[in-house]
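Under the UniProt record's numbering, the residues of the sequence shown are numbered 1 to 259, in order. Okay, structure first, notes after.
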Amino acid sequence: MSNENPTFRLQNDKGRVAYDVARIAESPWVLGHICRSWRHISTLLLTLWSTLLIQETSSTDPKHFMAKLDVALRRSRNAPLTFSASFGSRDVNFMRIAMARLVESPRWQHVAFTLHADIQQTMLPALSDLSSLESFSDTGYVPAGILDTAPKLRTICLYPLTTIHPPQQLAELNVGPITMQKLLHLLSAAPELRFPIRKINHAGLTGFLSEQCHLVHLRIYLHYMDYVNDRYPSMDAQKVSIAPFFQALSLVAPDGQKT
Numbered sequence: 001m002s003n004e005n006p007t008f009r010l011q012n013d014k015g016r017v018a019y020d021v022a023r024i025a026e027s028p029w030v031l032g033h034i035c036r037s038w039r040h041i042s043t044l045l046l047t048l049w050s051t052l053l054i055q056e057t058s059s060t061d062p063k064h065f066m067a068k069l070d071v072a073l074r075r076s077r078n079a080p081l082t083f084s085a086s087f088g089s090r091d092v093n094f095m096r097i098a099m100a101r102l103v104e105s106p107r108w109q110h111v112a113f114t115l116h117a118d119i120q121q122t123m124l125p126a127l128s129d130l131s132s133l134e135s136f137s138d139t140g141y142v143p144a145g146i147l148d149t150a151p152k153l154r155t156i157c158l159y160p161l162t163t164i165h166p167p168q169q170l171a172e173l174n175v176g177p178i179t180m181q182k183l184l185h186l187l188s189a190a191p192e193l194r195f196p197i198r199k200i201n202h203a204g205l206t207g208f209l210s211e212q213c214h215l216v217h218l219r220i221y222l223h224y225m226d227y228v229n230d231r232y233p234s235m236d237a238q239k240v241s242i243a244p245f246f247q248a249l250s251l252v253a254p255d256g257q258k259t
């Protein structure tokens, strides 16, 4: 997985070291094998077990993997979960079993998915309580209405963009490469949002919206139109009507590099 993946941003933003379920040589297990005292300490530190990196590799032993995942979930007790789940399509049954362990959705706080579409379509719609969810990242399917069950949700990352109705409390939306048509469709669902852009960047005012809209073009355009509208109130309001009320709206360039 590359460093550009939103998975790692969710983890690094919290300053935590993820416990890679697929590897035995991780801090919780190492501490637990130093001596009895350190084992006791490691079991008391719930955050050692509640930040999880769950990914399938070619050498993954499903039985061993599930046993370690069960231990981590048990020792994290009721602590909020920060996790990344990344699976290919090698073994759909394995994915189903692994994700079934994570359906304690009220504990989800910061989550990122890179899952086979079949798993997402059968698992995610069953989640009815996301009361602790603050950050949500996905590389595929997002069921309609799932985000309505997350009252604390503030940050969404979608790669590629999926059509959603943004929750009213949303403060930041990150999406992948997007066409102008999809962008306008997304913004049309957000007129009720009331989070004004707080920082106006007056540099690079020659930016413009292209058919394939990317971070620098969109942000310069919105900042420019906001700036012009403030300075020149007589400017045609139609030209600024699509400016969203997000605190942050960013897009990723086609080559995967952030601009």
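Heads up, the beta-carbon is just placed ideally off N, CA and C, and yes, glycines get one too.
- The region 105-117 makes no contact with the region 60-69, as fewer than three CB pairs between them are under 8 Å.
- One Cα belongs to Q55, the other to P80, and the distance between them is close to 20 Å.
- In the DSSP annotation of this structure, the continuous segment of the beta strand (DSSP E) that includes A85 starts and ends at L81 to S86.
- Looking at the DSSP output, H110 sits in a beta bridge with T82 and S135.
- Under DSSP, I54 shares a beta bridge with A85.
- In the DSSP annotation of this structure, the continuous segment of the alpha helix (DSSP H) that includes D70 starts and ends at P62 to R75.
- Non-local beta-carbon contacts of T114 in its own chain, meaning distances under 6 Å to residues more than five positions away in sequence, involve S86 and T139 in chain order.
- L44: member of the alpha helix (DSSP H) spanning R36 to L44, first to last residue.
- Here A72 is not near W38, since their CB atoms are 8 Å or more apart.
- Scanning D148, A112, F136 and S137 for the CA closest to the CA of D129 turns up D148.
- Burial state of P151 is exposed, judged by a 10 Å Cβ sphere holding fewer than 16 other Cβ atoms.
- Inclusion of D70 and R96 in the CB contact set at 8 Å is not warranted, their separation being larger than that value.
- Pairing N78 with M66, the inter-Cα distance amounts to about 19 Å.
- R75 counts as buried, since at least 16 other C-beta atoms from the protein chains shown sit within 10 angstroms of its C-beta.
- Cα atoms of H33 and F94: separation of roughly 29 Å, rounded to the nearest angstrom.
- The Cβ-Cβ distance between S137 and A98 does not fall below 8 Å.
- Our two residues, T82 and L44, have alpha carbons roughly 18 Å apart in a direct line.
- The C-beta of C35 has fewer than 16 other C-beta atoms within 10 Å across all chains shown, which makes the residue exposed.
- Between the alpha carbons of S42 and P28 lies a gap of roughly 6 Å.
- Under the three-state reduction of DSSP, L115 is assigned to coil, being neither helix nor strand.
- A residue is called buried when at least 16 other Cβ atoms come within 10 angstroms of its Cβ; S84 meets this threshold and is buried.
- The residues S105, in chain order, have a CB closer than 6 Å to that of L127 in the same chain once the five nearest residues on each side in sequence are set aside.
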